[in-house]
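Novice:
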Amino acid sequence: MASRRSDRPTWGHRVKRFHAVPATDERYVLAEGPYWDGDRDRVLWVDIAAGEVHAGRLAATRVIPEAMLAFPETVGAVVSSQGGELLVAGARRLYTVSAAGAVSPGAEIIDADTASRLNDGCCDPAGRFLVGSLALDDRVQDEILVRVEPDGSIFVIDDDLGLSNGLAFSPDGTSLYSVDTLSGTVWIRDYDATTGRVGQRRTLLEVDGKPDGLCVDQEGGIWVAMWGSGEVRCYSVAGDQLAAVDVAAPNTSSVAFIRPALDTLLITTASEQLSDAQLARYPESGRLFTADVGVRGLPVRCWAGTPASASTRHP
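Position 182, counted from 1, in the sequence shown is what the working numbering calls 182; the numbers after and before it change by one each time, with no gaps.
#1: Going by DSSP, what residues sit across from residue 282 in a beta bridge?
#2: Which one or two residues does DSSP pair with residue 234 in a beta bridge?
#3: Looking at the structure shown, is residue 190 part of a helix, part of a strand, or coil, going by DSSP?
#4: When burial is assigned at 16 or more other CB atoms within 10 Å of the CB, is residue 247 buried or exposed?
#5: DSSP three-state call for residue 213: helix, strand or coil?
#6: What is the rounded straight-line gap between the Cα of residue 87 and the Cα of residue 78?
#7: Just curious, the beta strand (DSSP E) that residue 108 is in, first and last residue?
#8: Residue 117: buried (16+ other C-beta within 10 angstroms of its C-beta) or exposed?
#9: Just checking, does the region 280-297 make contact with the region 26-34 on the three C-beta pairs under 8 Å criterion?
#10: Let me know if residue 249 comes out buried or exposed under the rule of 16 or more other beta-carbons within 10 Å of its beta-carbon.
#11: By DSSP's criteria, residue 257 is part of a beta bridge. Which residues make up the other side?
#12: Taking only the alpha-carbon atoms, compute the straight-line gap between residue 62 and residue 23 and give it to the nearest angstrom.
#13: Helix, strand or coil: how does DSSP classify residue 132 here?
#14: For residue 172, which of helix, strand or coil comes out of DSSP?
#15: Please report how far the alpha carbon of residue 136 lies from the alpha carbon of residue 220, in whole angstroms.
#16: Check whether the Cβ atoms of residue 199 and residue 189 sit closer than 8 Å, and answer yes or no.
#17: With which residues is residue 301 paired in a DSSP beta bridge?
#18: Could you tell me how far apart the beta carbons of residue 185 and residue 206 are, in whole angstroms, since I believe they sit closer than 8 Å?
#19: Is residue 290 closer than 8 Å to residue 31 when the C-beta atoms are compared?
#20: What residues in its chain sit with their C-beta under 7 Å from that of residue 104, if we drop five residues either side in the sequence?
#21: May I ask which residues mark the beginning and end of the beta strand (DSSP E) holding residue 56?
#22: Helix, strand or coil: how does DSSP classify residue 17 here?
Take a look at the structure:
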C-alpha cells in the first residue's frame with residue numbers, strides 16, 4: 001500500500017507536534033473506547049476498571065458528563081446503533097442497552113473457564129461488531145479477535161494475540177488495522193465487509209512502546225495512543241511518523257475524532273498503574289483530553305443491530 005505523505009504538503013517530512021488540553025474535571029480509573037454518537041451529538045466512553053459506560057455532551061473544548069450506566073464487571077467498549085441502542089462489551093459477553101436504558105445479556109464471547117476479558121471493540125463498515133480480549137493471568141499469545149455476525153455467531157479472526165487492542169478501518173473500508181499491545185505491533189489485513197472475507201494479517205507498524213487504541217483520519221493517517229508514553233502518534237500507512245500529540249497523562253489509552261465536523265481529537269487516559277509519585281507529577285491522569293490536529297476523522301460506523309444467541313466458527 002502506498003504512502004499518503006504527499007497528501008499532507010504542510011506537514012512535509014518532519015514530525016509535527018500538538019498539545020492536548022484537559023476536557024473533563026472528572027478523572028477515571030481506566031477511561032477507554034471513545035465513540036462519537038453523532039445522531040445524538042454526544043460522546044460515549046467507558047471506564048473499564050469501574051465497569052461504567054459514560055455519555056457526555058460537548059461545550060467548546062470540554063466534555064460534560066451527563067449519564068452513566070454501571071455494570072457489575074469490567075466494560076471494554078461501547079458502540080451505538082442509529083436508533084440509539086447500545087452494544088456493550090462486558091467482561092465475557094455482550095450486552096444490549098435499549099434507548100430507554102433496559103439492559104439485556106447478549107452473545108457470550110469468552111467462556112467461564114478462560115482467564116481473559118473483553119477489551120477494545122469497533123464496528124466494521126457493515127455494522128458488525130469486532131472485539132478482542134486480554135489475559136487476566138500469565139498466558140501469552142492466546143488472546144482472540146472476533147467478529148459478531150448478525151445471527152449472533154462468532155467469527156474468529158485471530159486466536160494467537162498477546163493483548164488485542166485498538167481496531168480501525170482504512171478510509172475506503174477495505175483494510176482492517178488491529179493492535180497487539182504486547183508485541184508493539186499494528187497489523188493490517190484485507191477486509192471485505194460485503195462478503196465478510198478477512199485476509200491474512202501483515203505487519204503495518206512495529207512501534208517503540210505500547211500501542212493501545214487507534215483511529216484513522218480522512219487522509220489515511222493512523223492515530224495511535226501510546227500507553228505509558230503520554231502521547232498520541234500519527235503514522236502513515238508507509239510507516240512514517242507524521243505527528244505527535246503531547247498529553248499530560250502517561251497512560252494514554254485511546255483516541256477518536258468527535259464533533260459534527262469530526263475535527264477534534266478526543267483522547268482517553270487512565271490513572272491506574274501509576275505510583276503515588278507519578279500521580280503527583282501527572283495530576284491530570286484519568287481525564288479526557290482534546291486536541292486540534294488539523295485533520296478530520298472518518299464518519300463513525302453505527303452498530304447494525306441486536307445479535308441473537310452465539311455459536312463460534314473459525315475462518
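No residue lacks a Cβ here, since even glycine has one placed at the ideal position from N, Cα and C. This structure is a prediction, so every number in the text was calculated from the model and none was measured.
Specialist: Taking the definition as stated:
#1: The residue you call residue 282 lines up with position 282 of the sequence shown. Note: residue 282 sits in no beta bridge, so no partner.
#2: In the sequence shown, counting from the first residue as 1, residue 234 sits at position 234. Answer is 223 and 243.
#3: As a first step, residue 190 must be located in the sequence shown, where it is residue number 190. If DSSP states are grouped into helix, strand and coil, residue 190 belongs with the strands.
#4: Taking the first residue of the sequence shown as 1, we reach residue 247 at position 247. Buried.
#5: Position 213 of the sequence shown, counted from the start, is the residue given in the question as residue 213. Of the three classes helix, strand and coil, the one that applies to residue 213 here is strand, per DSSP.
#6: Counting from one through the sequence shown, the residue named residue 87 turns up at place 87. Counting from one through the sequence shown, the residue named residue 78 turns up at place 78. Spanning the two alpha carbons is a distance of roughly 6 Å.
#7: For the purposes of this step, residue 108 is identified with residue 108 of the sequence shown, where counting begins at 1. First-last of the beta strand (DSSP E) with residue 108: 103-108.
#8: Here residue 117 is taken as the residue at index 117 of the sequence shown, counted from 1. Under this definition residue 117 is a buried residue.
#9: Yes, since at least three Cβ pairs between the region 280-297 and the region 26-34 fall closer than 8 Å, the two stretches touch.
#10: Counting from 1 along the sequence shown, the entry for residue 249 is found at position 249. Around the C-beta of residue 249, 16 or more other C-beta atoms lie within 10 Å, and the residue is accordingly described as buried.
#11: Residue 257 sits at position 257 when you count from the first residue of the sequence shown. According to DSSP, residue 257 bridges with 265.
#12: Translated into positions along the sequence shown, residue 62 becomes position 62. Translated into positions along the sequence shown, residue 23 becomes position 23. Their Cα atoms are separated by approximately 4 Å.
#13: On the sequence shown, position 132 is the one that residue 132 refers to. The DSSP-derived three-state label of residue 132 is strand.
#14: Stepping through the sequence shown from its first residue, residue 172 is reached at position 172. Note: residue 172 maps to coil in three-state DSSP.
#15: Here residue 136 is taken as the residue at index 136 of the sequence shown, counted from 1. Here residue 220 is taken as the residue at index 220 of the sequence shown, counted from 1. So the alpha carbons of these two residues sit roughly 34 Å apart.
#16: Stepping through the sequence shown from its first residue, residue 199 is reached at position 199. Stepping through the sequence shown from its first residue, residue 189 is reached at position 189. Against a cut-off of 8 Å, the Cβ pair of residue 189 and residue 199 comes out as a contact.
#17: Position 301 of the sequence shown holds residue 301. Answer by DSSP bridge pairing: none, since residue 301 is not bridged.
#18: For the purposes of this step, residue 185 is taken as residue 185 along the sequence shown, with counting starting at 1. For the purposes of this step, residue 206 is taken as residue 206 along the sequence shown, with counting starting at 1. Right, the Cβ-Cβ distance comes to about 6 Å (below 8 Å), so this counts as a contact.
#19: Numbered from its first residue, the sequence shown carries residue 31 at position 31. Numbered from its first residue, the sequence shown carries residue 290 at position 290. Their beta carbons are not under 8 Å apart, which means residue 31 does not touch residue 290 by this criterion.
#20: For the purposes of this step, residue 104 is taken as residue 104 along the sequence shown, with counting starting at 1. Cβ neighbours of residue 104 beyond the five flanking positions: 95 and 96.
#21: Position 56 of the sequence shown, counting from 1, holds the residue named residue 56. It spans 52-59 - the beta strand (DSSP E) in which residue 56 sits, taken as one unbroken run.
#22: One-based indexing of the sequence shown puts residue 17 at position 17. Correct three-state label for residue 17: strand.
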